[in-house]
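Below is one structure, written out as structure tokens; the observations come after it.
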Amino acid sequence: MATSVGTVPGGMTTPAMTPGASSPESERDAEFQEHEKILSPEFLSVAQIIEMLREDAEGVQKKLATFLNFKKLQTCLKEAILLDYYTSGFLWAREMDFSIVQYSKFMTLLDMLLHNLRTLHMSLEDSLKWIGEVMAEIGPPHLQKNEKWNVFDIKQAKAIIDYLKISLFQHYKLYEFLFYSTREEIVIGTEQTIEVVKPSGCLFPNPLEEGISFDIYSTFIEPPTTLDTEMKGSDHEQGSEESQPEASTSDTDPLAGFTIEDVKSVLGQVTDDILIGIQNEINERLQIQEEAFNARIEKLKKA
Numbered sequence: 016m017a018t019s020v021g022t023v024p025g026g027m028t029t030p031a032m033t034p035g036a037s038s039p040e041s042e043r044d045a046e047f048q049e050h051e052k053i054l055s056p057e058f059l060s061v062a063q064i065i066e067m068l069r070e071d072a073e074g075v076q077k078k079l080a081t082f083l084n085f086k087k088l089q090t091c092l093k094e095a096i097l098l099d100y101y102t103s104g105f106l107w108a109r110e111m112d113f114s115i116v117q118y119s120k121f122m123t124l125l126d127m128l129l130h131n132l133r134t135l136h137m138s139l140e141d142s143l144k145w146i147g148e149v150m151a152e153i154g155p156p157h158l159q160k161n162e163k164w165n166v167f168d169i170k171q172a173k174a175i176i177d178y179l180k181i182s183l184f185q186h187y188k189l190y191e192f193l194f195y196s197t198r199e200e201i202v203i204g205t206e207q208t209i210e211v212v213k214p215s216g217c218l219f220p221n222p223l224e225e226g227i228s229f230d231i232y233s234t235f236i237e238p239p240t241t242l243d244t245e246m247k248g249s250d251h252e253q254g255s256e257e258s259q260p261e262a263s264t265s266d267t268d269p270l271a272g273f274t275i276e277d278v279k280s281v282l283g284q285v286t287d288d289i290l291i292g293i294q295n296e297i298n299e300r301l302q303i304q305e306e307a308f309n310a311r312i313e314k315l316k317k318a
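Numbering-wise (this note's numbering), the sequence shown opens with residue 16 and increments by one.
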């Protein structure tokens with residue numbers, strides 16, 4: 016019999032039997048050779064499988080990352096998802112107590128499913144058909160022409176199908192998005208808001224330095240108000256006017272003709288006038304500070 020080429024698992028070809036002339040022995044040999052190509056080449060070697068069987072779950076994950084040459088697991092989402100996919104499959108196979116050959120075929124099956132999705136853009140329906148054809152070749156013996164080709168029994172084949180349903184097929188759209196959608200690199204940064212110091216001419220005073228009390232700030236740092244400037248100017252003018260008559264009478268004794276009682280009374284009046292002036296100035300300053308505090312409190316309430 017002659018053969019025609021058709022689609023096969025793993026990019027191989029399977030023979031489709033057509034009428035023709037061939038001997039039974041050559042037909043069996045060709046069929047055996049094609050069966051040997053199912054799920055080949057192996058995804059993991061026998062030595063790698065034996066090495067991972069000695070490890071716990073974390074060790075299996077590290078070994079697979081080394082075998083698959085995944086070096087950007089901390090920053091690459093794709094590598095992290097694929098590593099989790101293969102690690103979960105291997106740990107599930109260990110729970111099923113598979114043999115070394117069964118481990119090899121099952122892990123290759125997982126890899127070929129992703130290969131068909133990533134490279135051949137195989138849909139979910141096509142993947143289900145493909146897995147059905149593969150399980151017919153390596154599954155229970157009553158589905159095959161030769162019992163020697165059996166890899167999984169009926170119970171194991173059903174368990175594999177159930178596992179693929181909840182692992183790959185249930186999230187098939189997400190895996191399609193993983194392989195087909197382009198992702199932009201996101202730059203991780205920190206945004207900070209900085210408040211600019213307002214000019215001294217505004218209604219609010221400049222920010223206080225940490226640890227400086229308001230009294231010190233108002234006395235030495237805060238710019239003087241207009242009223243204070245005018246008061247200092249008037250005091251300076253009065254001082255200059257008073258200095259002129261004093262200069263004219265500096266040659267004579269200012270206390271001549273006055274008794275001690277007169278001097279005491281004059282000094283008492285001067286002292287009272289000075290104290291009253293100082294008291295008034297203090298009251299004015301306190302009133303100005305009170306108005307400034309009230310204005311600041313109103314602004315804070317509105318904010």
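We put the CB at the ideal spot given by N, CA and C, even for glycine.
Please classify residue i: is it buried, with 16 or more other beta-carbons within 10 angstroms of its beta-carbon, or exposed?
i, result
"LEU97", "buried"
"LEU315", "exposed"
"SER119", "buried"
"GLY74", "exposed"
"SER142", "buried"
"THR102", "buried"
"GLY104", "buried"
"LEU189", "exposed"
"PHE113", "buried"
"LEU128", "buried"
Where does residue i fall in DSSP's three states?
i, result
"ASN298", "helix"
"ASN131", "helix"
"ARG69", "coil"
"ALA172", "helix"
"ALA95", "helix"
"GLN89", "coil"
"GLU57", "coil"
"HIS136", "coil"
"GLY283", "helix"
"MET111", "coil"
"VAL166", "coil"
"GLN185", "helix"
"ALA318", "coil"
"ASN309", "helix"
"THR33", "Caution is warranted here: a pLDDT of 40 is assigned to THR33, below 50, making its placement in the model unreliable, and the coordinate value is therefore given only provisionally. Note: THR33 maps to strand in three-state DSSP."
So residue i packs on residue j, CB below 8 Å; how close in whole Å?
i, j, result
"PHE167", "GLN117", "6 Å"
"PHE58", "THR123", "4 Å"
"LEU184", "LEU139", "The amino acid at residue 184 is misidentified as Leu; the sequence shows Phe. At roughly 6 Å, the Cβ-Cβ gap stays under 8 Å, so PHE184 and LEU139 are in contact."
"ALA80", "LEU106", "The pair is not a contact, with the Cβ atoms about 14 Å apart (cut-off 8 Å)."
"ILE146", "LEU179", "7 Å"
Give the straight-line distance between the Cα atoms of residue i and residue j, rounded to the nearest whole angstrom.
i, j, result
"ASP177", "LEU125", "13 Å"
"ASN131", "GLU206", "44 Å"
"TYR232", "SER280", "41 Å"
"SER182", "MET137", "17 Å"
"SER196", "ILE153", "34 Å"
"LYS173", "LYS87", "35 Å"
"PHE85", "ILE169", "35 Å"
"GLN294", "GLU276", "27 Å"
"TYR8", "ARG133", "Here the chain has residues from 16 to 318 only, and residue 8 is not among them."
"GLN284", "LEU290", "10 Å"
"ASP287", "ILE303", "24 Å"
"ASN298", "ILE312", "21 Å"
"ALA318", "ASP99", "52 Å"
"THR234", "ARG300", "11 Å"
"ALA62", "THR208", "58 Å"
"ALA307", "PHE273", "49 Å"
Leaving out five residues on either side along the sequence, give the residues of the same chain with a beta carbon under 6 Å from the beta carbon of residue i.
i, result
"PHE121", "ALA108"
"MET67", "VAL75 and LYS78"
"MET150", "ALA172"
"PHE192", "none"
Given residue i, which residues of its chain have a CB within under 8 Å of its CB, disregarding the five upstream and five downstream residues?
i, result
"ILE65", "ILE115"
"GLU305", "none"
"GLU5", "No information on residue 5 is available, as it lies outside the stretch 16 to 318 that the chain covers here."
Ordered along the chain, which non-local residues of its own chain (more than five positions away) have a Cβ less than 7 Å from that of residue i?
i, result
"MET111", "GLN171 and ALA174"
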